[in-house]
Every structure is written in C-alpha cells, then in structure tokens.
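Working notes, structure below.
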Amino acid sequence: MVVQNKQANQSEYYVLTANRLLDGRVVWFTSQEYWGIMIEEAHLFSNKEEAEQKIQQIIQTDSARFLIDLHCTEIRNTFLPTTTREKIRAFGPSNHPEFNPRSI
Amino acid sequence: MNHFSHISDSNTSKAIGRYNYNDVDFEFLTERINQFRSQIKRRLNGELTEDEFKPFRLMNGVYLQLNSYMLRVAIPYGTLSSKMLRGLAYIARYYDRGYGHFTTRQNIQFHWTKLEEVPDILTYLASVELHTIQTSGNCIRNITSDEFAGVAQDEILDPRIYAEIMRQWSTLHPEFSFLPRKFKIAISGSSNDRIAVCFYDIGILTCLNKQNKPVFEIWVGGGLGRIPIKGKIIRNDLPPEHLLAYLEAIIRVYNLHGSRNNLYKSRIKILIENLGIDNYREQVEKEFQAMDLDQYRLSNDIMTSIQENFGQPNLVDVPNASETLKKHRQENQAFNQWVNHNSYPHFHKDYIATIISLKNIGETPGDMTADQMDALADLAEEYSLGEIRVTHLQNLVLGHVRKDQLYVLWQALQKHHLAVPNQGLITDIVCCPGLDYCALANARSISIAKKIMSLFQDIHLQEKIGPLNIGVDGCINSCAHHHIMNIGVLGVNKKGEEFYQIKLGGFSYKNNATIGSILGAALTMEEVIEAIRKLINFYLEQRQKNEYFIDTFNRLGINPFKEIVYASA
Numbered sequence: 001m002v003v004q005n006k007q008a009n010q011s012e013y014y015v016l017t018a019n020r021l022l023d024g025r026v027v028w029f030t031s032q033e034y035w036g037i038m039i040e041e042a043h044l045f046s047n048k049e050e051a052e053q054k055i056q057q058i059i060q061t062d063s064a065r066f067l068i069d070l071h072c073t074e075i076r077n078t079f080l081p082t083t084t085r086e087k088i089r090a091f092g093p094s095n096h097p098e099f100n101p102r103s104i
Numbered sequence: 001m002n003h004f005s006h007i008s009d010s011n012t013s014k015a016i017g018r019y020n021y022n023d024v025d026f027e028f029l030t031e032r033i034n035q036f037r038s039q040i041k042r043r044l045n046g047e048l049t050e051d052e053f054k055p056f057r058l059m060n061g062v063y064l065q066l067n068s069y070m071l072r073v074a075i076p077y078g079t080l081s082s083k084m085l086r087g088l089a090y091i092a093r094y095y096d097r098g099y100g101h102f103t104t105r106q107n108i109q110f111h112w113t114k115l116e117e118v119p120d121i122l123t124y125l126a127s128v129e130l131h132t133i134q135t136s137g138n139c140i141r142n143i144t145s146d147e148f149a150g151v152a153q154d155e156i157l158d159p160r161i162y163a164e165i166m167r168q169w170s171t172l173h174p175e176f177s178f179l180p181r182k183f184k185i186a187i188s189g190s191s192n193d194r195i196a197v198c199f200y201d202i203g204i205l206t207c208l209n210k211q212n213k214p215v216f217e218i219w220v221g222g223g224l225g226r227i228p229i230k231g232k233i234i235r236n237d238l239p240p241e242h243l244l245a246y247l248e249a250i251i252r253v254y255n256l257h258g259s260r261n262n263l264y265k266s267r268i269k270i271l272i273e274n275l276g277i278d279n280y281r282e283q284v285e286k287e288f289q290a291m292d293l294d295q296y297r298l299s300n301d302i303m304t305s306i307q308e309n310f311g312q313p314n315l316v317d318v319p320n321a322s323e324t325l326k327k328h329r330q331e332n333q334a335f336n337q338w339v340n341h342n343s344y345p346h347f348h349k350d351y352i353a354t355i356i357s358l359k360n361i362g363e364t365p366g367d368m369t370a371d372q373m374d375a376l377a378d379l380a381e382e383y384s385l386g387e388i389r390v391t392h393l394q395n396l397v398l399g400h401v402r403k404d405q406l407y408v409l410w411q412a413l414q415k416h417h418l419a420v421p422n423q424g425l426i427t428d429i430v431c432c433p434g435l436d437y438c439a440l441a442n443a444r445s446i447s448i449a450k451k452i453m454s455l456f457q458d459i460h461l462q463e464k465i466g467p468l469n470i471g472v473d474g475c476i477n478s479c480a481h482h483h484i485m486n487i488g489v490l491g492v493n494k495k496g497e498e499f500y501q502i503k504l505g506g507f508s509y510k511n512n513a514t515i516g517s518i519l520g521a522a523l524t525m526e527e528v529i530e531a532i533r534k535l536i537n538f539y540l541e542q543r544q545k546n547e548y549f550i551d552t553f554n555r556l557g558i559n560p561f562k563e564i565v566y567a568s569a
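Residue numbers (our numbering), protein chains in the order written: chain A, 1 to 104; chain B, 1 to 569.
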C-alpha cells in the first residue's frame, strides 16, 4: 500500500529506485507512478514492507521491463539516503559535482 | 554526421608498435558487433530478460555501474596509435561526458555510455582497430605488457609480438571462453620486472639461457583481490616457440580442476595453493607432453606474418641530440625536474622515452579529457612516431622522442596540463574509480587520492620524500593494487559508512615482491589522511641516508609506524 502522506514525527522513510535500461541513469518512483530522475520527486513509504510490496506490484507491470536493479532504500526526511552508495546514486559522483542530476 | 570524417588519413603507413588490422579482423569485428546489436535490440523489445542479457553485455565490456553504463575498451598490450587516441577522444566527446579513465590493466573506461548507443560506439571503435571483447567475463582478459617494450635497453625480445599472438589465440578461444573465473596474463621482453609479474594468473618475463638464447620465465598463480597471493615460477626455460602450447596446458589444467561453485575460491591462485606448485607443474608438463607441439609451434613463418603487421619505428641518428638535451636541462630548471622524474632511457642513444603523468593535483588519477587526448595524439604524431603507451600505473608513455626535441615537446605538454613532474613520487597515486562509480565498491577512493595529492602537492616536498607509491582501492578486488603498494588504502563499508584500512610495505618486483601488512583498525576519511601525514613525517624523521620509504619501513618494521598512527587514538 502506498503511503500518501508523511506521518507526523517520522524521520526515516523508504523510496524505490532503479537504473533505467536505456541509459543506466538512476531513477526514483514518484507518487504519480512515473520514474523521475531527482530523489526529491520520490514517493515516501513509511516502512520497508510497504516499499517491498510496491516493488512486487511493479515487477508485474510492463514498466519493469525498462528498469534494472529495482530496489528500495532508506532515506531521511530531507531526501538524504542513509548510505554513501545511495547518496552517490542520488547526487552523482563526488569528483564531478556538475553531474548531479539537478545540474544536468 | 560522418563519424569517420575527422580521422586523419595523412598517415597511411602501418602504425608502429602494434598489430595493424587486415580485412579478416574487420569482418570479424563487424560480425561480432552485429550480433551484439541484435542482442541489445532483443533486450530493449523485451525478448531477453536482464538475467539473459547480462552475460552478452559483459562479454562486450558493458557494465552497469551506480549511475550509468560503463564501457571498457581493451588496449592490447597498452599500445595506441594517434588515430586510436583520437578515436577514443571522439567517443569521450560525443558518446560520453568528455573524458575517459585509464585503468591498471591498460584499458580505458567510459563511465557514461548509453546502452542503445553502444553498437554505434563499437562500430566506431572497430574503425580505429579497437574493441571491447573479453574485457569482462570468465575468460582471458586483455593481455598487458611492459610500457617500455621496444624501447628499454635491457629488452631481449619485443613482448608485443607475443602479446598479439596471445591476443589472437585467446580471442573467443572455444575451450577458454567459460573458465572458472577471469584470467589475466602479462608479458615483458626483459628479465627486469616492469609488469608486477608475480601478481598475474600468468606472468611472463624473458631471460637468456646458457646458450644465450631467449627463453620465457613463466610465473603462475599470482593475484590480488580478497586473497592476495604471490605467484610462483612454473618454468624458467620455455623456448618462445612453445609459448601457446605451454599456456594452453596451464589453462587446461586450471579449467579442469578450478572451483566453479565458490566465487572466492575459483581463481587459479587458489587451485595452485591447494595442489602445490610441484603437483600443478607435474600436471601441466604431462598435458604439455601429450600435445601435438608441431601444431602449436610458433614457427618463423607465423612470427614473420604477425611481425609484418607491426609498423617498425624509423629511428635515425641525430647529430648532437644528447648535447642539445643537456643544454636545455641546464637552462630550464622546471624542464630538468620533469626530465629527472618523467623520462626513461631509450636503447637508441639519440632518443628518450617520456612518461605523461595523469596525476594532476586536483584531478582524478587516470582520467584524461577528450581535448587532452586529441592534443596528445597530435604531439605523439609530431614527436614520437605516432605511438602512445598506457602504463599499468595509469600514466601514458611516448616511447620514441628525439632528445633534441624533448624540450619543445615538454612546452607543448604544459599547455595541456600533461607535464606534471611527479612520476614515481607520492602524488603519482594509483586509484580505482571506487564508490563514485563502481557497483562493487565499498567506499570512495578518488576523494582519498585527491586529498593525499593535495596534502603533498609541493614538488620539493615530494622530492624530499623520494620514490614512494600509493594505491587507493574502493574494495577488496584491488584494481589499484593496494596490496603491493608501499602505502595501500582500502575502502571498507561499516553499516553504510565509509572507512579505510591502511597497508604498509607492499612491493611488486618479482622475487622481492611483498604483500603489505595491515597497519591497524580502519579509519574515517579524515583520519586516514591525517594518518598518512603522520606516517610520512615519521619516515622523514627516521630514514637513514639514501633510504626510500620502503627501505625505512623494512628496517624498522610495522610497529613504530603503528604507534605513530594509533598511539594517540
């Protein structure tokens, strides 16, 4: 079940992410059910189970065909992933700040 | 757009130092590219799942990294022509983001390619006689060589001819296309180790036997990664004509007995550790003796036919070349400094080889922009017979520069930020792409390398420190060879956070090769930079006359260094 609104006092959420088949770019699952390139567009799930349920639903759809490495990841409510790996996926390599998705 | 229009046709003679393709080679690549184009099309229209497509993708050098697809291009025995380098510049500029990354296996990687454009890139690469075949997968990978091949004064034979023969033999070899694990071979035409010979699945040096005839010294079972192991000599007197037969025997035994059910125990090094080198040698010799050696023999005809496809350098005597170089060195201190660090003697008295450092302070080690590639291609054509080599330490070499022209070349290199005088010094850091790009990495490596380079950017301080190598790896796969560097840094992951382990005392030269020792507990990025500063200061205080860092470390042992870093923690 997709959580429509952030719950009060909650600081950690889960988002869905993948790489796009055509060009490998990192994409984030949005509330409008499209895949956006900026993490700030991502839909927030309040817990991991709900996020994983949604993954199972997406896998059954045609859109999954255009995605690789679909998974959920934990973020802070500032849209900051908790791991360095996911921060780099979200904001690009640290040696090329100009490749941050916001800059392109 | 005509993709090929910008490539100069002015040099229609054979490129030197490397095999020049013939029609058969072009037809083979065209067929292969068409196959991959079809596989990509089937993937995009849903006929192939990612699991089905992935082996095809990898066999063509396409990796999915954190932010995009990476394309790895093989540079056979590390030798490029100007035309090839311009071709790489073109790909960087029009299909990627304006740069490429040279690796420790003499390959180049483009980190921002698009899957749908890969067939066009491969077509373009083929037009400049390059490809991506076997740059991934459990097969024989790009065969690397000595960056001073055809230049070094101590060379017994040109290893690139044999590297090319091995390339042709191993490309789509039906028996060795699905080995238990990847397989890496390096060769030098000298008995001096410039290839880290004992850290390859097979490493080959060349020696003279008692009859003064060239023979190969074959090392097997070396490797880095999770379980670093120093290779062992399996045979020290192999006649060159039997090279392919002997390699086939070695790899056949590995293919039969290597583990296929445990990724971490499937390299040949583990098999040889388990069997023992004497047992392994016995099995290889048995296999070798059972082979039809005439069928495998590298006859004079075969050698000649390959050699004829290599362009030969036309080296000429140049009156007063050495005197001119000496005068330029006396007149310009910065030039003299660069020659001191970034040159290598040539067998011809009037020529010199020069190392183009890709370790600019503030830049990513091993990276080169498309503009720099184009500029260097032009300079190679003008000053080094159109040939460029890639080193296993992520630098480039112009092998055949006239001594009297070196000063003008240096001035031109400066304009393109390609004249950094730091080869072999502390800022000449070997560095993998790390977590900024690589899906296997645990931690960023580029940031660490750049911080160390910044800390020691003063060239006078670098010279005071003297020869010292540092390798920074983002994971235990050890692409940056941290195990065998004087100072090795390894990124580790602790609950999603980056930490770094330091190793000291690594050394890569054949019999003296040493795997570094772990200094202590992993540190944060800031702590590891401070630790390296302390280690260097301690070495400078403790070293005796003429000692390099590795000498001081070997004399004192690890404990005082450990004390310096961890005592106040």
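Cβ atoms here follow ideal geometry from the backbone N, Cα and C, with glycine treated the same way. Predicted model, so just to flag it, every value in this text is computed and none were measured.
query	result
Three-way DSSP call (helix, strand, coil) for B:H217 in this model	Note that residue 217 of chain B is Glu in the sequence shown, not His. In the structure shown, B:E217 sits in a strand (DSSP, three-state: E or B).
CB contact check: A:I37 to chain B, cutoff 8 Å	no
Of the residues B:Y548, B:Y566, B:V565 and B:G506, the one placed nearest B:A196, counting alpha carbons only	B:G506
Closer than 7 Å at the beta carbon, the chain B residues around A:N19	L64
Chain B contact residues for A:N95, given Cβ-Cβ distances below 8 Å	T364, D436, I446, S447 and K450
For A:L19, the first and last residue of its enclosing beta strand (DSSP E)	It should be noted that the sequence gives Asn, not Leu, for residue 19 of chain A. That run of the beta strand (DSSP E) goes E12 to R20.
A:Q57 - containing beta strand (DSSP E), residue span	Where A:Q57 is concerned, there is no enclosing beta strand (DSSP E), although the alpha helix (DSSP H) it sits in stretches over K48 to I59.
Rounded separation between A:M38 and B:L66 - CA only	15 Å
Cutoff 7 Å; reference B:A249; Cβ partners in own chain excluding five residues on either side	V284, E287, F288 and M291
Best match in B:P119, B:Y94, B:C207 and B:L490 for proximity to B:S38 [C-alpha to C-alpha]	B:P119
Cross-chain neighbours of A:V15 in chain B, by beta carbon under 9 Å	Near A:V15 there are no residues of chain B at all, since even the closest Cβ is about 15 Å away, more than 9 Å.
Per DSSP, the bridge partner or partners of A:P81	A:I75
Residues that DSSP places opposite A:W28 in a beta bridge	A:T17 and A:G36
B:G87 (DSSP reduced to helix, strand or coil)	helix
Check whether B:T113 and B:L48 have beta carbons under 8 Å apart	no
Beta-carbon contacts of A:A51 that lie in its chain and below 7 Å, excluding the five residues immediately before and after	Y14, L16, F45 and C72
Short CB-CB distance (under 8 Å) between B:E497 and chain A	yes
Neighbour list for A:I75 in chain B, Cβ cutoff strictly below 7 Å	By Cβ distance, chain B contributes nothing, its closest Cβ being about 12 Å from A:I75, past 7 Å.
Beta-carbon separation (whole angstroms), B:R533 vs B:L455, contact threshold 8 Å	6 Å
Within-8 Å CB hit, A:R172 to chain B	An answer regarding residue 172 of chain A cannot be provided, because it is not within the stretch 1 to 104 covered by chain A.
For A:I75 and A:K6, the rounded distance between their alpha carbons	Low confidence applies to A:K6: its pLDDT is 48, below 50, so where it sits in the model is not reliable enough to give any reading.
Rounded straight-line distance, which links the Cα of B:A353 to that of B:Y344	5 Å
Buried versus exposed call for B:Q405 [16 or more other C-beta atoms within 10 Å across all chains shown]	buried
Beta-carbon proximity of B:R389 to B:L396, cut-off 8 Å	yes
Under 8 Å between C-beta atoms of B:G366 and B:L379	no
Supposed contact pair B:V472 and B:A480 - C-beta distance, whole angstroms, cut 8 Å	6 Å
B:R93 at chain A interface by Cβ criterion, 8 Å	no
Rounded C-alpha distance that separates B:N570 from B:H173	Beyond the ends of chain B as shown, which are 1 and 569, falls residue 570 of chain B; an answer cannot be given.
Supposed contact pair B:P313 and B:I515 - C-beta distance, whole angstroms, cut 8 Å	Not quite, the Cβ-Cβ distance comes to about 38 Å (not below 8 Å), so this is no contact.
Any 3 or more C-beta pairs closer than 8 Å across the stretch 96-104 of chain B and the stretch 80-87 of chain B	no
B:V489 (DSSP reduced to helix, strand or coil)	strand
Cβ distance (whole Å) where B:I133 is taken to contact B:F183 below 8 Å	The pair is not a contact, with the Cβ atoms about 14 Å apart (cut-off 8 Å).
Whole-angstrom C-beta distance between B:I270 and B:Y280, which should lie under 8 Å	The pair is not a contact, with the Cβ atoms about 12 Å apart (cut-off 8 Å).
Contacts of B:E50 in chain A (Cβ-Cβ under 7 Å)	I68
Runs of alpha helix (DSSP H) wholly within the stretch 485-569 of chain B (minimum 4 residues, chain order)	525-542, 549-556 and 558-566
Three or more C-beta pairs below 8 Å linking the stretch 337-351 of chain B and the stretch 411-428 of chain B	yes
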